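Residues 22 to 399 in the working numbering are what the sequence shown lists, from first letter to last.
A virtual CB, placed ideally from N, CA and C, is assigned to each residue, including glycine.
For clarity, every value in this text was computed on a predicted model and none was experimentally measured.
Each remark here refers to the structure printed beneath this line.
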Amino acid sequence: MDLTYTPEEEAFRARLREWLAKALPELPERPDPLDWPGRRAYDLGWQRRLYDAGYGSLHWDASPTQRLIFLEETELAGAPYVGANFVGLLHAGPTIAAEGTDEQRARWLPPILRGEAVWCQGFSEPEAGSDLASLRTRAVRDGDHYVITGQKTWTSHAEIADWCELLVRTDPAAPRHRGISWLAMPMDTPGITVRPLRTLAGPAEFAEVFLDEVRVPVANRVGAEHDGWRVTMVTLSFERGTAFVGEVVACRRTLGRLARTARANGRWGDPVLRRRLGRLNAEFTALWRLIQWNVGAAGAAGGVPGAGGSVFKLRYSQARQELYDAAAEVLGAPGALDADQEWTAARLSSLSYTIAAGTSQIQRDIIAERLLGLPKGR
Numbered sequence: 022m023d024l025t026y027t028p029e030e031e032a033f034r035a036r037l038r039e040w041l042a043k044a045l046p047e048l049p050e051r052p053d054p055l056d057w058p059g060r061r062a063y064d065l066g067w068q069r070r071l072y073d074a075g076y077g078s079l080h081w082d083a084s085p086t087q088r089l090i091f092l093e094e095t096e097l098a099g100a101p102y103v104g105a106n107f108v109g110l111l112h113a114g115p116t117i118a119a120e121g122t123d124e125q126r127a128r129w130l131p132p133i134l135r136g137e138a139v140w141c142q143g144f145s146e147p148e149a150g151s152d153l154a155s156l157r158t159r160a161v162r163d164g165d166h167y168v169i170t171g172q173k174t175w176t177s178h179a180e181i182a183d184w185c186e187l188l189v190r191t192d193p194a195a196p197r198h199r200g201i202s203w204l205a206m207p208m209d210t211p212g213i214t215v216r217p218l219r220t221l222a223g224p225a226e227f228a229e230v231f232l233d234e235v236r237v238p239v240a241n242r243v244g245a246e247h248d249g250w251r252v253t254m255v256t257l258s259f260e261r262g263t264a265f266v267g268e269v270v271a272c273r274r275t276l277g278r279l280a281r282t283a284r285a286n287g288r289w290g291d292p293v294l295r296r297r298l299g300r301l302n303a304e305f306t307a308l309w310r311l312i313q314w315n316v317g318a319a320g321a322a323g324g325v326p327g328a329g330g331s332v333f334k335l336r337y338s339q340a341r342q343e344l345y346d347a348a349a350e351v352l353g354a355p356g357a358l359d360a361d362q363e364w365t366a367a368r369l370s371s372l373s374y375t376i377a378a379g380t381s382q383i384q385r386d387i388i389a390e391r392l393l394g395l396p397k398g399r
């Protein structure tokens, strides 16, 4: 597969770089990480700037390669990450673009692109995390509405969200991978209670969400009734296949900073550490090439990433943890244990990556069954 860029794609890269060089110095100061209303306003403001400049729709109204270039260049330039917009831009939005009706796309996509709406993800439950198909949140059909009762947990950005991509069980008698539906739920609907969950790193990026006879219109269902598991696989393919692109670029930048720090503080003289950093450099270079391959494969498949995203997710999750283990070695105990250091916050965050977006065990099952053709376990 050709992993090079066309002249047109390189011209797009050059225009984007020029715009970023002008736009980034005009941004306001970033808010405190614990100020979620401030972070919401900041992230929506950045998305609006992208939209006004013609870059707002790149997450689904562009070729996979253009999206890759966009994510690479914005990260290299130090531009704001999608932040509070990540569910809408990287998960829900692409799913709606791929699976929604014309009316649904016209209703939900423009507000995401214009920086007017934040989405959260209502998938996991207290007893249905990695085994997502075991979800118990019930949706009973009542005329033109579903009446929903249940609980979600690890719901990203629920306390500041306008909408939720929600998985519900619409047929409890069906086999567990069937009878599930994918809904768009307004977060201001009566019967919703949100309780933030503060993480070890400090910010409350997740929440518990309790649903007590919440009424959601049937028109808010994406895909056919009881076909939500298939739609969910589309969502998860985006989450595992392209959502981490900017983070790989960030890890490569972090690795460069570690090498410079090691040279400055004398740790570079340790040959074992040098080999470790060199191996990580090779690891992230290979992961970047795997992203390019996955993006090319997605383009050939109509824009939806395939099971190859699980290969990337599995290895990236471990490599990120190894990167911050190396950071602790370079910085030494004082730097590694300082809770105010960005290294420490990033290390604590890295621990979640072998769980988020499907655990490493789940990724191994997907690779074994869908890519290697091995039989399912009993």
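- Under the three-state reduction of DSSP output, Trp203 falls in the strand class.
- Apart from the 5 residues on each side of it in sequence, Val215 sits with its Cβ closer than 7 Å to the Cβ of Ala179, Glu180, Ala228, Val230 in its chain, given in chain order.
- If only uninterrupted beta strand (DSSP E) runs of at least 3 residues are considered, those enclosed by the segment 151 to 181 are 159 to 163, 166 to 173.
- Here DSSP, grouped into helix, strand and coil, assigns Val252 to helix.
- In this structure, the alpha-carbon of Trp140 lies about 12 Å from that of Leu65.
- Contact annotation: Arg190 and Thr158 have beta-carbon atoms nearer than 8 Å.
- Taking a cut-off of 8 Å for Cβ pairs, the segment 272 to 289 and the segment 239 to 255 do not touch, as fewer than three such pairs fall below it.
- The beta carbons of Gly136 and Tyr72 sit about 6 Å from each other, so the pair counts as a contact at 8 Å.
- Boundaries of the alpha helix (DSSP H) harbouring Glu93: 85 to 97, taken from the DSSP string.
- Ala138 carries a coil assignment under DSSP once its states are collapsed to helix, strand and coil.
- It is roughly 43 Å from the alpha-carbon of Thr176 to the alpha-carbon of Gly287.
- As computed with DSSP, Ala228 is found in a beta bridge with Pro217.
- When only Cα atoms are considered, Ala348 and Ala303 end up about 16 Å apart.
- Shortest Cα-Cα distance from Ser258 to any of Gly290, Ser331, Trp289 involves Ser331.
- Counting only residues of its own chain and dropping the five nearest sequence neighbours on each side, Ala100 has a CB closer than 7 Å to the CB of Leu41, Leu45.
- Measuring C-alpha to C-alpha distances from Leu153 to each of Ala98, Phe91, Arg251, Pro131 identifies Arg251 as the nearest.
- Annotated as proximal: His112 and Gln142, with beta-carbon spacing under 8 Å.
- At the C-beta level, Tyr167 and Val103 stay beyond 8 Å of one another.
- Shown here for Asp82: not one same chain residue has a beta carbon closer than 6 Å to its own, the five before and five after excluded.
- Within its own chain, the residues whose Cβ lies closer than 7 Å to the Cβ of Arg69, once the five positions on either side in sequence are excluded, are Arg135, Gly136, listed in chain order.
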